[in-house]
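Engineer: Taking mature numbering (1 follows the signal peptide of the UniProt record, and there is no 0), I'd label the letters of the sequence shown as residues -27 to -1, 1 to 323.
Note that CB positions come from ideal geometry on N, CA and C, so glycine has one too.
It should be emphasised that the depicted structure is a prediction, and the values quoted were computed from it without experimental measurement.
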Amino acid sequence: MSNSIVDRIRQAALVGVATLVPLVAVAQTAPNPPVQRAPQAAPRSAKQEPSATQAAAPTATTRPARAAERIPDTRKADDIIARVGSTNISAEEIRGYVAALGERDLAALRQDPNLLSQAVRMMLANRLVMQEIAAKKWDQQPSVAEKLDRVRESAAVELYLQTVSTPPERFPSEDDLQRVYDANRAALLMPRQFELAQIFVALPKDADKAAEDKAKKSVEDIQRKLKAPGVDFAAVAAEAGNANGGALGWVAESQIRPEIRAKVMELSKNAVSDPIKLDDGWHFVKVLDTKAPYTRTLPEVRDGLIAQIRTERAAALRRAYLAELLKQQPPVINELALAGMLNERSPAAR
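Put into structure tokens, the structure is as follows:
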């Protein structure tokens, strides 16, 4: 929204990651103990859904099928959710994808369902890339196959660690949730907010005199219309080319451009500012409503808070699991030889 009076309107996160009190001391559920032997990598044939962060990149957990091995798609048309070319994605695949997401990703989807549509687009793009890989037999090149093996190993280890570090289903308890909420009330403060609308008349910095004269004429015309009794601000905004009647929605005080914030603070409800000249043009601002600062309630932040708590707990369980695993089988590393190998690749050593 380059022509907005707002520098950057971002959807407020339910809970700030950096501001939450660490939960290592909260409801210390013992981590799943490692087995006496180091976990073996999952079989190469194991199928796994991509994580949310992997959706935008071609998955390397399984090698693409040869073109001759492809099986015709016999799924019913009403089962198909998305299609690109001859590639389809079924409802069952979407359900599997969603089921494989982590707590944080699920919480984000609930807040913004459009993210799922974006993920499906990335899945379709991935399928097209995989078709090219198969057609060019790119994955059969020795150097590529070796890299894919390493990727598969890393993916198997990551998937296994996720399973042994998943918190219990009922974690956190209501007491844990309330305790974390109380400890983070300051971080949950919502600043004063304004529901704003604007009429914007563009005038670039490098505009010539003709453009300046035209913009000034438009500003004067708009100002005259806004002074008429019973004028409809939205209608004037639409006539001036502003979408949605110039409505900007709710904006936090801190997100309003400093040059305009002072003017907004002076306006009462339903009042309209005089034209404000900025480096991008002229702005008429109307305050539709205001909200005083308040602390978000536990029901408001519940889903995001639970996701954050579970994420922190999973990280703690993972660290504890790996520490116990290395305690059972202490690693032995030849540091001198390791340093020598690094120096072999150093330009100074050549």
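#1: Whole-angstrom Cβ separation of Leu121 and Thr60, contact assumed at under 8 Å?
#2: Near Asn307, which residues of its chain fall below 6 Å by C-beta distance, leaving aside the five closest residues on each side in sequence?
#3: What residue range does the alpha helix (DSSP H) around Asn87 cover?
#4: If you run the structure through DSSP and keep just helix, strand and coil, what is Gly222?
#5: If you count every other CB in all the chains shown that lies within 10 Å of the CB of Tyr267, and 16 or more means buried, which is it?
#6: Any heavy atom of the ligand GTP closer than 7 Å to the Cβ of Tyr133?
#7: Restricting to runs no shorter than 4 residues, where is the alpha helix (DSSP H) found entirely within the region 191 to 267?
#8: Looking only at DSSP bridge pairs, what is Asn61 linked to?
#9: Can you tell me whether Ala128 is buried or exposed, with buried defined as 16 or more other CB within 10 angstroms of its CB?
#10: Using DSSP with H/G/I as helix, E/B as strand and the rest coil, what is Leu311?
#11: Contact check, Pro140 vs Arg283 under 8 Å by CB: the rounded distance?
#12: With a cut-off of 8 Å, do at least 3 Cβ pairs link the region 176 to 188 to the region 268 to 282?
#13: Whole angstroms is fine: what's the gap from Gly254's alpha carbon to Asp181's?
#14: So the candidates are Glu76, Asp155 and Glu131; which of them puts its Cα closest to the Cα of Phe144?
#15: Name the residue from Leu82, Gln91 and Ala170 whose alpha carbon lies nearest to the alpha carbon of Gly222.
#16: In the structure shown, what three-state DSSP assignment does Ala175 receive?
#17: How is Pro4 classed by DSSP in three states: helix, strand or coil?
#18: Assuming contact is defined by CB atoms lying nearer than 8 Å, are Ile54 and Val93 in contact in what I supplied?
#19: Measure the alpha-carbon distance for Ser241 versus Val260 and round it to whole angstroms.
#20: Using only the alpha-carbon positions, how far apart do Gly69 and Leu299 sit?
#21: Looking only at its own chain, which residues have a Cβ that is under 7 Å from the Cβ of Ala118, when we skip the five neighbours before and after it?
#22: If we ignore side chains and look at the alpha-carbon of each, how far apart do Glu297 and Pro303 end up?
#23: Within 10 Å of its beta-carbon, does Val57 have 16 or more other beta-carbons around it, so buried, or fewer, so exposed?
#24: What's the C-alpha gap between Pro272 and Val71?
#25: Compute the beta-carbon to beta-carbon distance between Asp276 and Ala80, rounded to the nearest angstrom, for a pair I have assumed lies under 8 Å.
#26: Nearest to Phe173 by alpha carbon, out of Lys236, His256 and Asn99?
#27: Could you compute how far the alpha carbon of Met238 sits from the alpha carbon of Pro248?
#28: Would you report the Cα separation of Val(-22) and Arg123, rounded to the nearest angstrom?
Structural biologist: In this structure, then:
#1: Not quite, the Cβ-Cβ distance comes to about 21 Å (not below 8 Å), so this is no contact.
#2: none
#3: Asn87 to Lys109
#4: strand
#5: exposed
#6: This structure lacks the ligand GTP, and indeed carries no ligand of any kind.
#7: 206 to 212 and 231 to 239
#8: Arg56
#9: buried
#10: helix
#11: 5 Å
#12: no
#13: 13 Å
#14: Glu76
#15: Ala170
#16: strand
#17: Legend: pLDDT at Pro4 = 49, less than 50; position of this residue unreliable, no value from coordinates given.
#18: yes
#19: 7 Å
#20: 34 Å
#21: Asp112
#22: 10 Å
#23: exposed
#24: 24 Å
#25: 5 Å
#26: His256
#27: 15 Å
#28: With a pLDDT of 31 at Val(-22), under the threshold of 50, the modelled position of this residue cannot be trusted; read the value that follows with caution. Between Val(-22) and Arg123, the C-alpha separation is close to 46 Å.
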